[in-house]
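Chains as they are written, first to last, in our numbering: chain E, 67 to 232; chain U, 67 to 232; chain L, 67 to 232; chain X, 67 to 232. We put the beta carbon where it would ideally sit given N, CA and C, even for glycine. Notes for the one structure printed next.
There are 4 protein chains.
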Amino acid sequence: MKLAIIYYSETGQTKELAEVIAEGMRKVGSEVRLFSVDEPLDEAYLSACDGVVFGTPTHMATCAWRMNQWLIEERASIPLAGKLGGCFATAHYAQGGSDSAILSILGMLLVKGMLVYSGGSAHGQPFIHHGPVALDAVGNHYEDAKEMFAIFGQRFAEKAIELFEK
Amino acid sequence: MKLAIIYYSETGQTKELAEVIAEGMRKVGSEVRLFSVDEPLDEAYLSACDGVVFGTPTHMATCAWRMNQWLIEERASIPLAGKLGGCFATAHYAQGGSDSAILSILGMLLVKGMLVYSGGSAHGQPFIHHGPVALDAVGNHYEDAKEMFAIFGQRFAEKAIELFEK
Amino acid sequence: MKLAIIYYSETGQTKELAEVIAEGMRKVGSEVRLFSVDEPLDEAYLSACDGVVFGTPTHMATCAWRMNQWLIEERASIPLAGKLGGCFATAHYAQGGSDSAILSILGMLLVKGMLVYSGGSAHGQPFIHHGPVALDAVGNHYEDAKEMFAIFGQRFAEKAIELFEK
Amino acid sequence: MKLAIIYYSETGQTKELAEVIAEGMRKVGSEVRLFSVDEPLDEAYLSACDGVVFGTPTHMATCAWRMNQWLIEERASIPLAGKLGGCFATAHYAQGGSDSAILSILGMLLVKGMLVYSGGSAHGQPFIHHGPVALDAVGNHYEDAKEMFAIFGQRFAEKAIELFEK
Numbered sequence: 067m068k069l070a071i072i073y074y075s076e077t078g079q080t081k082e083l084a085e086v087i088a089e090g091m092r093k094v095g096s097e098v099r100l101f102s103v104d105e106p107l108d109e110a111y112l113s114a115c116d117g118v119v120f121g122t123p124t125h126m127a128t129c130a131w132r133m134n135q136w137l138i139e140e141r142a143s144i145p146l147a148g149k150l151g152g153c154f155a156t157a158h159y160a161q162g163g164s165d166s167a168i169l170s171i172l173g174m175l176l177v178k179g180m181l182v183y184s185g186g187s188a189h190g191q192p193f194i195h196h197g198p199v200a201l202d203a204v205g206n207h208y209e210d211a212k213e214m215f216a217i218f219g220q221r222f223a224e225k226a227i228e229l230f231e232k
Numbered sequence: 067m068k069l070a071i072i073y074y075s076e077t078g079q080t081k082e083l084a085e086v087i088a089e090g091m092r093k094v095g096s097e098v099r100l101f102s103v104d105e106p107l108d109e110a111y112l113s114a115c116d117g118v119v120f121g122t123p124t125h126m127a128t129c130a131w132r133m134n135q136w137l138i139e140e141r142a143s144i145p146l147a148g149k150l151g152g153c154f155a156t157a158h159y160a161q162g163g164s165d166s167a168i169l170s171i172l173g174m175l176l177v178k179g180m181l182v183y184s185g186g187s188a189h190g191q192p193f194i195h196h197g198p199v200a201l202d203a204v205g206n207h208y209e210d211a212k213e214m215f216a217i218f219g220q221r222f223a224e225k226a227i228e229l230f231e232k
Numbered sequence: 067m068k069l070a071i072i073y074y075s076e077t078g079q080t081k082e083l084a085e086v087i088a089e090g091m092r093k094v095g096s097e098v099r100l101f102s103v104d105e106p107l108d109e110a111y112l113s114a115c116d117g118v119v120f121g122t123p124t125h126m127a128t129c130a131w132r133m134n135q136w137l138i139e140e141r142a143s144i145p146l147a148g149k150l151g152g153c154f155a156t157a158h159y160a161q162g163g164s165d166s167a168i169l170s171i172l173g174m175l176l177v178k179g180m181l182v183y184s185g186g187s188a189h190g191q192p193f194i195h196h197g198p199v200a201l202d203a204v205g206n207h208y209e210d211a212k213e214m215f216a217i218f219g220q221r222f223a224e225k226a227i228e229l230f231e232k
Numbered sequence: 067m068k069l070a071i072i073y074y075s076e077t078g079q080t081k082e083l084a085e086v087i088a089e090g091m092r093k094v095g096s097e098v099r100l101f102s103v104d105e106p107l108d109e110a111y112l113s114a115c116d117g118v119v120f121g122t123p124t125h126m127a128t129c130a131w132r133m134n135q136w137l138i139e140e141r142a143s144i145p146l147a148g149k150l151g152g153c154f155a156t157a158h159y160a161q162g163g164s165d166s167a168i169l170s171i172l173g174m175l176l177v178k179g180m181l182v183y184s185g186g187s188a189h190g191q192p193f194i195h196h197g198p199v200a201l202d203a204v205g206n207h208y209e210d211a212k213e214m215f216a217i218f219g220q221r222f223a224e225k226a227i228e229l230f231e232k
């Protein structure tokens, strides 16, 4: 089971949380590789993946424009159809629009023909409605949220295994 | 392979298009049943389904409130987690917000833990970005769109078969 | 300057925050009345208002269905066109979709012909991207957020005064 | 009364419709200038504007990434706060996500502190829920929609006059 996480990170936070998700994925035996949108992409690896998670900071209550550019133009031809797709976001504030950032990416993943998945409320706590979010300007939320990110990674990998390793 | 379509229909159009999707699903051998949100639900059948498509008219550029009520409260306990989920909408005008109606439902399906799927652009024409749309006040679009709705039904059923009948 | 806040509240939290916003509005001399969607509405007062803020809990990462029902059907005829419109939401978790709840209402307010306004980042801190959010399961966020809600109320009222009392 | 339309256009369609909106705006005496995001911007003119409309093609069911880049980064400092803001989109198909393209921009305009406005259903036909849309692969919709675009321009300008020239 191969999985990938594709992210854009300026401060290192989105990258760090991508790594936390990857740890959760590895717990259930998945191979995971992380790719920044600003680094070279191993297209053969990505093609062989059964699931891809995208990570973005929240900018003006939507995703980083580099994520749009990457998905729409720069890497428009990468084969994502049929794979499991998910998304997470970092933001400063609860009212910062992180959920809109996630949905803006999930909408593009649907157009790619992915199976869009968050786990939602189906696995009990923590509920992860559209995707995990970490807020760095709300108390200790950024650090506290890491456990949820790891659980998201594990759930996502388990779903990919259930769907594609039968 | 059991599938279901759950819809709200006032004028009969959303129901008619649900039937067109069902025809497409049956072409590939699926069993399909349709349920209006205003009629009794066969919960045992729905539980046994591998995929569920939701259909709504577009009201004020979002889905009918009965769909929200049904998903959030009236049928909050129905087991949708892990199933393939999709959505279609009817609307009058191109600028009427049918896509927002579809996304408002897909967002709730994610919270249910469904695998949200439209096929997108992955199968070539017709591209069905977030879900099929029929407009009854734009030339002959409502009638012309029926072919797309049948194709959506077929693609949706084929994906469910691929995922769950391996 | 007359303003109104229309809310749905089950636990009393959304109502309490509506009152906090109202306090902020009154600071700059506005008359404010609050209406639960479950109580009688003074339509004459609402018609005379220059701005209306809507408040909702977050249910399944969108607004309470009673808000949809109220705006789309029950009170479809109330005159909101041309008034300033805003929205706030309560939620449990950062990843709970409060921003999607707010946008689902703002989208309907646009269809009503309102001038949709949050203040955004234009007034400096606190940035309130699409509308204020209070999380009751993230540390002390619910209590801490009250100051932001009062500021939102004040900014909203100041904008209404600027627009309509010239 | 100064107004501006800022657009991204590859094929010339989005530019053409920007010009149609501008004609509608000029009917009621507004001065209007159009700026492509790929051309130099007259910042002094834009600062003096009371309203700005943004136009985008629909790419993967959202706006062109250049619009995100322009609003979030390239022109993050342009003063849009307090101005009337609107959006229109071009797309190929009814199910192509033009409404999501419009909302993705309107969400950013809220963060800028704009008064977001579409007219909605408040002026009778044509209803323009979140913003005007022209579809070039649905019968004659693209040409037929021009009348609606001109009406949108006129309504938008009239609202700006009503708000800012009192």
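- In this structure, U/Gln220 sits away from U/Lys81, with a CB-CB distance that is not shorter than 9 Å.
- Under the DSSP assignment, U/Phe101 falls in the beta strand (DSSP E) whose first and last residues are Glu97 to Ser102.
- The Cβ atoms of U/Gly186 and E/Lys225 lie no closer than 9 Å to each other.
- Around the beta carbon of X/Ala110, a 10 Å sphere encloses fewer than 16 other beta carbons of the protein chains shown; the residue is thus reported as exposed.
- Taking a 10 Å sphere around the C-beta of X/Pro106, we find fewer than 16 other C-beta atoms and assign the residue as exposed.
- Within chain L, no C-beta atom comes less than 7 Å from the C-beta of E/Phe222; the nearest is roughly 14 Å away.
- About 6 Å separates the Cβ atoms of E/Ala70 and E/Phe101, confirming a contact at the 8 Å cut-off.
- Using beta-carbon distances, U/Val86 does not count as an interface residue toward chain E, since no partner is under 9 Å.
- Between the C-alpha atoms of E/Gly162 and X/Leu172 there is a straight-line separation of about 15 Å.
- Rounded to whole angstroms, the separation of the alpha carbons of E/Asp202 and E/Phe154 is 14 Å.
- Assigned with DSSP and collapsed to three states, E/Tyr208 falls in helix.
- Scanning chain U for C-beta atoms nearer than 9 Å to the C-beta of X/Pro145 yields nothing, as the closest lies near 29 Å away.
- Looking only at U/Ala157, U/Pro198, U/Phe193 and U/Asp104, the smallest Cα-Cα distance to U/Val119 is reached by U/Pro198.
- With a 10 Å radius around the Cβ and a threshold of 16 neighbouring Cβ atoms, L/Asn134 comes out buried.
- Using a Cβ-Cβ cut-off of 9 Å, E/Ser102 does not count as an interface residue toward chain U, since no Cβ of chain U sits closer than that to its own.
- Only residues of its own chain outside the window of five on either side were considered, and among them Ile71, Val98, Leu100 and Gly219 have a CB closer than 7 Å to the CB of L/Ala88, listed in chain order.
- Taking 9 Å as the CB threshold, X/Ala130 stays off the interface with chain L.
- Taking all protein chains in view, the Cβ of U/Thr77 is surrounded by fewer than 16 other Cβ atoms within 10 Å, so the residue is classified as exposed.
- Excluding five sequence positions before and after X/Ile144, the CB atoms of its chain that fall closer than 8 Å to its own CB belong to Leu107, Glu109, Leu112 and Ser113, given in chain order.
- Under DSSP, L/Cys129 takes part in a beta bridge, and its partners are L/Thr124.
- The residues Leu83, Val86, Ile87 and Pro198, in chain order, have a CB closer than 6 Å to that of L/Phe215 in the same chain once the five nearest residues on each side in sequence are set aside.
- Under a criterion of Cβ atoms nearer than 9 Å, the residues of chain L adjacent to U/Gln135 are, in order, Trp131, Arg132, Asn134 and Gln135.
- The Cβ atoms of X/Gly152 and X/Ser184 sit closer than 9 Å to each other.
- For X/Lys178, there is no enclosing beta strand (DSSP E), as DSSP marks it with neither H nor E.
- For X/His125, the residues of chain E that pass the 7 Å Cβ criterion are Ile138, in the order they occur in the chain.
- The beta carbon of E/Trp136 sits closer than 7 Å to those of Val103, all from its chain and outside the five residues before and after it, given in chain order.
- Taking C-beta atoms under 8 Å as the contact rule, U/His207 and X/Ala160 qualify, at a distance of about 6 Å.
- The C-beta distance from X/Ser164 to X/Thr124 rounds to 5 Å, short enough to meet the 8 Å contact threshold.
- E/Tyr74 and U/Met180 have their C-alpha atoms spaced approximately 26 Å apart.
- Note on geometry: alpha-carbon atoms of E/Gly90 and X/Met174 lie some 33 Å from one another.
- The C-alpha of X/Val182 is placed about 10 Å away from the C-alpha of L/Leu150.
- One Cα belongs to L/Ile227, the other to X/Phe222, and the distance between them is close to 21 Å.
- In the three-state DSSP reduction, X/Tyr111 falls in the helix class (H, G or I).
- Going by beta carbons, L/Leu169 and E/Ser166 fall inside the 9 Å limit.
- Closest by C-alpha distance to U/His189, out of E/Ile194, E/Ala188 and E/Leu146, is E/Leu146.
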